[in-house]
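Going by my numbering, the residue at position 40 of the sequence shown is 1049; the numbering climbs one at a time, nothing skipped.
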Amino acid sequence: MNVIHHRMSYKRKLALILSNNDYEQSNTKLAKEFAEQIQENDLILFYYSSCVYQMNEKCYLIPIQNQHLTNEETIPDLATHLQTIFRHLFKEKKQLFVSTFILDCPKTYSTNLY
């Protein structure tokens, strides 16, 4: 009989969860701070729950109730481009155990809402 011993390795679990109430700081700043904590073989979760806006094949994370987002021209300056988040999280090219991204966006942002 062969016995295989598996050595259980400890995996750190980190999560960045952004929702409607997290707009005191910019999403970009929070992603940067989160990325600085990531180490090799970590299990990371990025969860975003709010509105998104797609424009020119780019996805922007939109803070709700933002009176300054009045038209499409203001979105690139005031919203967070999703690719910017990814760039920060994978800047170091660390080998992650698992990375999970969940975008919980029930509706697309409309500049006509506010």
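Here a beta-carbon is modelled for each residue, glycine too, at the ideal position from N, C-alpha and C.
How far does the beta strand (DSSP E) with residue i in it reach, from first residue to last?
| i | result |
| --- | --- |
| Lys1103 | From DSSP, Lys1103 is part of no beta strand (DSSP E); its letter is neither H nor E. |
| Ile1026 | Lys1022 to Leu1027 |
Quickly, what does DSSP pair residue i with across the bridge? List them, please.
| i | result |
| --- | --- |
| Ser1058 | Asp1113 |
| Leu1052 | Lys1022 and Val1107 |
| His1090 | Tyr1069 |
Less than 8 Å between the beta carbons of residue i and residue j, yes or no?
| i | j | result |
| --- | --- | --- |
| Phe1106 | Asp1051 | yes |
| Ala1088 | Leu1112 | no |
| Leu1078 | Ile1084 | yes |
Using C-beta distances below 8 Å, list every residue in its chain close to residue i, excluding the 5 sequence neighbours before and after it, in chain order.
| i | result |
| --- | --- |
| Ile1047 | Leu1023, Ile1053, Leu1098, Glu1101, Lys1103 and Leu1105 |
Does residue i come out as helix, strand or coil in the three-state DSSP assignment?
| i | result |
| --- | --- |
| Lys1067 | strand |
| His1097 | helix |
| Ile1078 | According to the sequence as given, residue 1078 is Leu; it is not Ile. Of the three classes helix, strand and coil, the one that applies to Leu1078 here is coil, per DSSP. |
Leaving out five residues before and five after residue i in sequence, what residues of the same chain have Cβ atoms less than 7 Å from its Cβ?
| i | result |
| --- | --- |
| Met1010 | Reliability fails at Met1010, whose pLDDT of 47 lies under 50, so the model's placement of it is uncertain and the value that follows must be treated cautiously. Correct list: empty, nothing qualifies. |
| Met1064 | Glu1081 and Ile1084 |
| Asn1036 | Leu1027, Leu1070, Thr1089 and Ile1094 |
Along the chain, where does the alpha helix (DSSP H) that runs through residue i open and close?
| i | result |
| --- | --- |
| Leu1087 | Ile1084 to Leu1087 |
By Cβ distance below 6 Å, which residues in the same chain neighbour residue i in space, the five residues on each side in sequence not counted?
| i | result |
| --- | --- |
| Phe1110 | Phe1055 |
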